[in-house]
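Asker: Residue numbers for the sequence shown follow our numbering, beginning at -3 and rising by one. Can you keep this structure in mind? I'll have questions shortly.
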Amino acid sequence: MSGKICYPDTASAQKFLDRALTSQELADEWLGGREWSVRQEKRMYRCPDCGQWHLTSRA
């Protein structure tokens, strides 16, 4: 087990990615571009090991 959050389909992963991106944009606006989070999710991908979807901060 990797400890990553698993999303069963692209719709679920996209929903949470959109939410993460919106949160990042709001934080950037409120904090004037200062770093606010260790993770900043950029995209989703299908895991070759478990077959489910994960979010990643890698571009």
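C-beta: ideal position from N, C-alpha, C; glycine also. Note that this is a predicted model, so its numbers are computed, not measured.
1. What does THR52 pair with, by DSSP beta-bridge criteria?
2. Please classify TYR41: is it buried, with 16 or more other beta-carbons within 10 angstroms of its beta-carbon, or exposed?
3. In whole angstroms, what separates the C-alpha of CYS46 from that of ALA16?
4. Should LEU22 go down as buried or exposed, given a rule of 16 or more other Cβ atoms within 10 Å for buried?
Answerer: For this structure:
1. For the purposes of this step, residue 52 is taken as the residue at position 56 of the sequence shown. Partner(s): ARG39.
2. For the purposes of this step, residue 41 is taken as the residue at position 45 of the sequence shown. Around the beta carbon of TYR41, a 10 Å sphere encloses fewer than 16 other beta carbons of the protein chains shown; the residue is thus reported as exposed.
3. For this step, residue 46 is matched to residue 50 along the sequence shown. For this step, residue 16 is matched to residue 20 along the sequence shown. Cα-Cα distance, rounded: 23 Å.
4. Position 26 of the sequence shown, counted from the first residue, corresponds to residue 22. Exposed, because fewer than 16 other Cβ atoms sit within 10 Å of the Cβ of LEU22.
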